[in-house]
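*Asks:*
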Amino acid sequence: MKQKPSKPYKGKKPSRSTGHQPEGLDPVFGLHAVQALLTNQLPEKVWLQEGEAERRLAGLVDTLQERGVPIEFQPRQELDRLAGGASHQGVVAFCPPLASEGESRLYWEVEQAGNQGLWLVLDGVTDPHNLGACLRSADAAGVRGVILPRDKSAPLNGVVRKVACGAAEVMPVYQVVNLSRTLAKMKSLGVWIIGTSGDADKSIFDADFNAQVALVMGSEGRGMRRLTREACDHLVKLPMLGSVSSLNVSVATGICLFEAVRQQGISVS
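Numbers given in this note's numbering equal positions in the sequence shown, counted from 1, plus 21.
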């Protein structure tokens with residue numbers, strides 16, 4: 022059986038490998054992540070896997086060419102190397118690194134938020150897969166911003182962008198030097214701090230989110246640090262009815278955020 026010819030390119034045919042990885046840019050890999058990226062910003066260059074991917078990704082090639090994004094074909098081993106063993110699905114886009122804001126911008130945004138709003142604080146989430154999933158849930162729940170400690174936190178890298186599937190490019194992220202001091206300042210500006218802990222007495226479903234609230238989630242293993250815990254106004258937990266004692270932090274974050282959404286009566290269009 023003859024192989025079906027590949028779809029002809031609409032514009033200039035992509036170049037073959039030069040072997041030069043763009044300097045100063047972060048790789049974003051995976052078809053869905055790159056497609057989501059195109060709704061928010063244009064990558065500066067895209068690598069596509071040679072061979073079958075040229076036909077399978079013909080539609081993406083057309084879109085990239087229409088928007089003037091340079092495309093280059095690379096052997097699979099080059100994409101494998103960049104993705105670090107993760108599934109890249111034959112495509113890697115190169116973009117400027119994700120930018121974060123600091124405390125001053127955060128406090129200004131808190132003052133603008135008024136009497137209602139939702140913030141997510143991640144105290145020591147070091148797995149980029151979990152951070153990406155939390156950013157995705159935060160975006161879906163209408164969170165105003167995600168607050169991270171500058172140290173003891175996963176980097177805003179390509180894995181985060183892949184898992185977040187577009188949310189990392191639109192969700193404001195604030196990296197702060199001293200998390201407990203930041204929470205104290207937010208409290209002084211009228212924000213209620215609700216922390217999550219497995220040994221809390223109150224369920225998340227009994228908490229009151231009808232205010233401007235910062236929801237604090239702890240790290241994958243140890244939970245919140247002591248000073249972070251002491252900065253909270255209330256501690257809550259997810260009721261665990263089965264044999265497991267805890268949930269993955271990104272799963273727990275999604276459940277807690279949407280309980281806040283339910284209580285705050287945010288309309289769904």
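C-beta atoms are modelled at their ideal positions from N, C-alpha and C, and glycine is treated no differently. The structure presented is a predicted model; accordingly, all values stated were derived computationally and were not measured.
Taking only the alpha-carbon atoms, compute the straight-line gap between N269 and E241 and give it to the nearest angstrom.
*Replies:* Roughly 7 Å separates the two Cα atoms.
*Asks:* Just verifying my parser: in three-state terms, what is the DSSP assignment at P193?
*Replies:* Residue state, collapsed to three classes: coil.
*Asks:* With a threshold of 8 Å between beta carbons, is S218 in contact with chain C?
*Replies:* No chain C is part of this structure, which consists of one protein chain only.
*Asks:* Tell me which residues share the same chain as T84 and place their Cβ nearer than 7 Å to its Cβ, disregarding the 5 neighbours each side in the sequence.
*Replies:* Within the same chain, T84 has close Cβ partners L59.
*Asks:* By DSSP, does C116 sit in helix, in strand, or in coil?
*Replies:* In this structure, C116 counts as strand in the three-state DSSP scheme.
*Asks:* Report the rounded CA-to-CA distance for H255 versus A228, giving the unit in angstroms.
*Replies:* So the alpha carbons of these two residues sit roughly 8 Å apart.
*Asks:* Helix or strand or just coil, what does DSSP make of P26?
*Replies:* With a pLDDT of only 43 at P26, under the threshold of 50, the placement of this residue in the model should not be trusted; the figure read from the coordinates follows. P26 falls in the coil class under three-state DSSP.
*Asks:* Under 8 Å by Cβ, that's how I've got L46 and F115 pegged, so tell me the actual separation to the nearest angstrom.
*Replies:* The pair is a contact, with the Cβ atoms about 4 Å apart (cut-off 8 Å).
*Asks:* Between the alpha carbons of A205 and Q86, how many angstroms are there, rounded?
*Replies:* Going from the Cα of A205 to the Cα of Q86 covers about 49 Å.
*Asks:* Among the residues of its own chain, which have a CB less than 7 Å from the CB of A134, if the five just before and after it don't count?
*Replies:* Hits under 7 Å: R165 and Q233.
*Asks:* What are the residues that DSSP puts in a beta bridge with I214?
*Replies:* Looking at the DSSP assignment, I214 forms a beta bridge with A235.
*Asks:* Along the beta strand (DSSP E) that carries F50, what are the first and last residues, could you check?
*Replies:* Segment D47 to F50, the beta strand (DSSP E) holding F50.
*Asks:* Bridge partners of L240, per DSSP?
*Replies:* Before going on, a small fix: residue 240 reads as Ser here, not Leu. Looking at the DSSP assignment, S240 forms a beta bridge with G244.
*Asks:* Can you give the Cα-Cα distance for E132 and R202, rounded to whole angstroms?
*Replies:* Between E132 and R202, the C-alpha separation is close to 17 Å.
*Asks:* Out of curiosity, what's the CA-to-CA distance linking S174 and V265?
*Replies:* Distance between the alpha carbons of S174 and V265 is about 26 Å.
*Asks:* Would you kindly report the start and end of the unbroken alpha helix (DSSP H) that includes F279?
*Replies:* V270 to Q285 is the span of the alpha helix (DSSP H), which, as asked, contains F279.
*Asks:* Can you tell which of S218, G239, V142 and A104 has the C-alpha that lies nearest to the C-alpha of G51?
*Replies:* The shortest C-alpha separation from G51 is found at A104.
*Asks:* Using CA coordinates, which residue listed in Q42, L100 and L141 is at the minimum distance from G275?
*Replies:* Nearest option by C-alpha distance: L141.
*Asks:* What is the residue span of the beta strand (DSSP E) that V142 lies within?
*Replies:* Residues G138 to L143.
*Asks:* Quick check: the Cα distance between G80 and A74, rounded to an integer number of angstroms?
*Replies:* Roughly 11 Å separates the two Cα atoms.
*Asks:* Could you please give the first and the last residue of the uninterrupted beta strand (DSSP E) stretch that includes L256?
*Replies:* Unbroken beta strand (DSSP E) run through L256: H255 to K258.
*Asks:* Starting from E93 and walking both ways along the beta strand (DSSP E), at which residues does that stretch end?
*Replies:* Taken as a continuous stretch (DSSP letters only), the beta strand (DSSP E) holding E93 covers I92 to Q95.
*Asks:* Just to confirm the assignment, what range does the alpha helix (DSSP H) spanning K183 have?
*Replies:* Its alpha helix (DSSP H) spans residues G179 to A185.
*Asks:* Please classify G72 as buried or exposed, where buried requires at least 16 neighbouring CB atoms within 10 angstroms.
*Replies:* Classification for G72: exposed.
*Asks:* Below 7 Å CB to CB, which residues in the same chain sit around E190 once its five sequence neighbours on both sides are set aside?
*Replies:* For E190, where only same-chain residues beyond five positions count, the Cβ hits under 7 Å are L58, N61 and Q62.
*Asks:* Output the distance between the C-alpha atoms of G179 and P96, rounded to the nearest integer angstrom.
*Replies:* Near 20 Å, if we compare the C-alpha coordinates of P96 and G179.
*Asks:* Measure the C-alpha to C-alpha separation of V282 and R102 and round it to an integer number of angstroms.
*Replies:* Answer to the nearest angstrom: the Cα atoms are 40 Å apart.
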